[in-house]
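Asks: Letter by letter, the sequence shown follows residues 1 to 230 in the working numbering.
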Amino acid sequence: MSEKLKIITTGDGSHSLYNSELQETYHNSAGAFRESIHIYMIYGLDSWLARNPQKYPIRIFEMGFGTGLNAWLTLVWAEQNRIPVLYHTIEAYPLEKEIYSQLNYIEHDHSIWHFHKYFEPLHNAPWNEGGPVSEYFNFKKDNVTLEEAQLYPSDVVFFDAFAPSKQPELWKKETLQKVTDAMRPGGLFATYSATGQLKRDLKALGLEVETVPGPPGKKETTRGWKGRGQ
Ligand SMILES: C[S@@+](CC[C@H](N)C(=O)[O-])C[C@H]1O[C@@H](n2cnc3c(N)ncnc32)[C@H](O)[C@@H]1O
């Protein structure tokens, strides 16, 4: 296993990773699984769908594939809702199989156990190619930095970079602009961060910014809408 990465168990029993070089975890230590469901599924995809009931497929851009938890839960969401999703994610530092094969996500929630067969295929999928992984989930992951990535038009953004205090370059207004420029009208930008600077920058970039309740361990998070759309 990469020496700087250690598997940890978060407050809801699901795994995350700790990067000792950055002194940073991949998820909220109060609960990785709960964080992903709360911020990206409920306050992300469910909210977007409520405003855009017939606008399929949903085009998602994720900054930071990491453990694949957001991607896998989105696949589950797409299959359960029978809504086609085109998922584009980028990752500068892919995990080794030795690490992702030990993560406990597929056994964490038994109600979605039957989707376990899709977790490793997300990791095993070739980089920079893309294609269907399940009936409703089309997936492309690029091994590239955000700075160098080519972005496609997106309806929903999961901005899941390491914290602004650890990787400030990824939260600079110019970097955020690259992402918000690629959002389609009506698009939703979802993230766990709730700094005042982020909110000011997203507002200056033309988004309607909302502070929304966070998952356990995080009082608030941020999301931004690119106009009303449709
Ligand atoms: C908070 S973690 C993402 C967690 C992930 N979404 C999940 O579901 O497990 C941040 C990720 O961004 C990646 N990363 C760091 N710098 C990057 C960059 N400049 N461009 C793209 N990815 C980067 C890290 O390697 C890490 O996997």
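Note that CB positions come from ideal geometry on N, CA and C, so glycine has one too.
Mind checking whether Gly44 and Phe158 have CB atoms under 8 angstroms apart?
Replies: Contact flag set, yes.
Asks: Do you know offhand how far Phe33's Cα is from Asn52's?
Replies: Computed Cα separation, rounded: 26 angstroms.
Asks: Could you tell me which residues DSSP pairs with Trp225 in its beta bridges?
Replies: According to DSSP, Trp225 bridges with Leu188 and Glu208.
Asks: Determine, using beta-carbon pairs with one atom in the segment 97 to 105 and one in the segment 13 to 28, whether at least three such pairs fall under 8 angstroms.
Replies: With a cut-off of 8 angstroms, the segment 13 to 28 and the segment 97 to 105 count as touching, because enough Cβ pairs lie within range.
Asks: Could you check which residue in Leu73, Ala190 and Tyr87 has the C-alpha nearest to that of Ser47?
Replies: That would be Ala190, whose Cα lies nearest to the Cα of Ser47.
Asks: Looking at C-alpha atoms only, which residue of Asn70, Pro153 and Met63 is the closest neighbour of Leu146?
Replies: Considering only alpha carbons, the answer is Met63.
Asks: From the DSSP secondary-structure annotation, give me the bridge partner or partners of Asn19.
Replies: Its beta-bridge partners are Leu5 and Glu24.
Asks: Would you say Ser36 touches ligand 1, meaning its beta carbon is less than 7 angstroms from a heavy atom?
Replies: True, at least one ligand heavy atom lies under 7 angstroms from that Cβ.
Asks: Does any heavy atom of ligand 1 sit closer than 7 angstroms to the C-beta of Thr10?
Replies: No; taking the cut-off as 7 angstroms, the Cβ of Thr10 has no heavy atom of ligand 1 nearer than that.
Asks: Rounded to whole angstroms, what is the Cα-Cα separation between Ala182 and Pro132?
Replies: Going from the Cα of Ala182 to the Cα of Pro132 covers about 23 angstroms.
Asks: Check for me: the beta strand (DSSP E) holding Arg231 runs from which residue to which?
Replies: For the chain, the structure presents residues 1 to 230; residue 231 sits outside this window and is missing.
Asks: With 16 other CB atoms within 10 Å as the buried threshold, where does Lys203 fall?
Replies: Counting Cβ neighbours within 10 Å, Lys203 comes out exposed, since fewer than 16 surround it.
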